[in-house]
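Asks:
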Amino acid sequence: MNKLLIVGTVAFDAIETPFAKTDKILGGAATYIGLSASYFNLQSAIVSVVGDDFPQEYLDLLIARNIDISGIEVVKGGKTFFWSGRYHNDLNSRDTLDTQLNVLADFQPKVPQNFKNSDVVMLGNLHPLVQSSVLDQMETQPKLVVLDTMNFWMDCALPELLDVIKRVDVITINDEEARQLSGEYSLVKAAAKIHTMGPKYVVIKKGEHGALLFHNKEVFFAPALPLEEVFDPTGAGDTFAGGFAGFITQSENISFENMKNAIIYGSNLASFCVEKFGTERMIGLDKEEVLSRLKQFKSLTQFDIEL
Numbered sequence: 002m003n004k005l006l007i008v009g010t011v012a013f014d015a016i017e018t019p020f021a022k023t024d025k026i027l028g029g030a031a032t033y034i035g036l037s038a039s040y041f042n043l044q045s046a047i048v049s050v051v052g053d054d055f056p057q058e059y060l061d062l063l064i065a066r067n068i069d070i071s072g073i074e075v076v077k078g079g080k081t082f083f084w085s086g087r088y089h090n091d092l093n094s095r096d097t098l099d100t101q102l103n104v105l106a107d108f109q110p111k112v113p114q115n116f117k118n119s120d121v122v123m124l125g126n127l128h129p130l131v132q133s134s135v136l137d138q139m140e141t142q143p144k145l146v147v148l149d150t151m152n153f154w155m156d157c158a159l160p161e162l163l164d165v166i167k168r169v170d171v172i173t174i175n176d177e178e179a180r181q182l183s184g185e186y187s188l189v190k191a192a193a194k195i196h197t198m199g200p201k202y203v204v205i206k207k208g209e210h211g212a213l214l215f216h217n218k219e220v221f222f223a224p225a226l227p228l229e230e231v232f233d234p235t236g237a238g239d240t241f242a243g244g245f246a247g248f249i250t251q252s253e254n255i256s257f258e259n260m261k262n263a264i265i266y267g268s269n270l271a272s273f274c275v276e277k278f279g280t281e282r283m284i285g286l287d288k289e290e291v292l293s294r295l296k297q298f299k300s301l302t303q304f305d306i307e308l
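In this text, residue positions in the sequence shown follow my numbering: the first is 2, and each later residue adds one.
Dropping the structure here:
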């Protein structure tokens, strides 16, 4: 069975939307990525850090989804990373109300020995030096390295970010971040510029407007499934990344054609994530629902036309 190594935050979130608000709930990039990837036939492990305030039931939940947690460090007397945000009415923009790094501030990742030969490495949104440290610990070159990042690191750690970008095969960022990183407004030009930084594949996420995949001169677009109601977009991008990386790991195929399928699988899983607060929908999701909605995606994008 192929191995997927996931690096990122396991955290607490407090979320407020126009519909409701929560106190501290389970969150974090690695959590969403891991839950999403668990719908595929693979071995996965999360490398992260939490405080001893992190409930055992949350760790048990990850174990129940066949996720190896030996790389999650529990710091005695430490407090888990916490993020709080409020979404605007359109749910496309949000304000960060509070960020507490806590144990994440001194995080030194330790890759479990039996995952140092992972087929795919998914570097979730973290400081670029942490992402590089994980790659340094790999004993064999992964077949694919996927990196997710954000504008915060472009603002405060750009040289370190550019260093790690040189070492990855795929970068996933949103349209605003692609423009900032490249200095280009056109997403086609932005992707071309980012290619020159190292990644062979550039995935640009456009939220409710789908996702673009670029490889040299080739482009693929996957729409987002039109939903009656979006409840909470937190974690949708990470869920997308988990579906993308999970499908690639399971299929053992890193061609551009297969990445098109991975984009669809990622978009499909992300469409569930937004339907409830936090990780709630992903925890309760079953494979039949995933397959049924995948058929909806197929009918949404498939057509016959005479040329």
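All C-beta atoms, glycine included, are put in the ideal place defined by N, C-alpha and C.
1. Measure the alpha-carbon distance for residue 194 versus residue 183 and round it to whole angstroms.
2. Rounded to whole angstroms, what's the CA-CA distance from residue 57 to residue 172? Just pull it up for me.
3. First and last residue of the beta strand (DSSP E) that includes residue 68?
4. Looking at the structure shown, is residue 276 part of a helix, part of a strand, or coil, going by DSSP?
5. What separation, rounded to the nearest whole angstrom, lies between the Cα atoms of residue 41 and residue 101?
6. Using the DSSP secondary-structure output, state which residues sit across from residue 1 in a beta bridge.
7. Just the C-alpha distance for residue 292 and residue 270, rounded to the nearest angstrom, thanks.
8. Quick test of your reading: residue 35 and residue 47, contact by CB under 8 Å. State the CB separation rounded to the nearest angstrom.
9. Alpha helix (DSSP H) containing residue 1: first to last residue?
10. Is it the case that the region 235–247 contacts the region 123–134, given that we only count it when at least three CB pairs across the two stretches are under 8 Å?
11. Rounded to whole angstroms, what's the CA-CA distance from residue 160 to residue 191? Just pull it up for me.
12. Am I right that residue 50 and residue 64 are in contact with their C-beta atoms under 8 Å? What's the rounded C-beta distance?
13. Which of helix, strand or coil does DSSP assign to residue 117?
14. Look up residue 88 in the DSSP assignment and give the residues it is bridged to.
15. Buried or exposed: which applies to residue 217, given that a residue is buried once 16 or more other Cβ atoms fall within 10 Å of its Cβ?
16. With a CB to CB cut of under 6 Å and the five nearest residues on each side skipped, what residues in its chain are close to residue 104?
17. If you draw a straight line from the C-alpha of residue 61 to the C-alpha of residue 70, how long is it?
18. Can you tell me whether DSSP reads residue 199 as helix, strand or coil?
19. Of the choices 21, 117, 95 and 13, whose alpha-carbon is the least far from that of residue 6?
Replies: In this structure, then:
1. 6 Å
2. 33 Å
3. 68–76
4. coil
5. 33 Å
6. Coverage of the chain is limited to positions 2 through 308, which leaves residue 1 absent and any answer about it impossible.
7. 10 Å
8. 5 Å
9. Past the boundaries of the shown model lies residue 1; the chain is included only from 2 to 308, so the question cannot be answered.
10. yes
11. 18 Å
12. With 8 Å as the limit, residue 50 and residue 64 do not qualify as a contact, their Cβ atoms being about 17 Å apart.
13. coil
14. 95
15. exposed
16. 50, 52, 76 and 79
17. 9 Å
18. coil
19. 117
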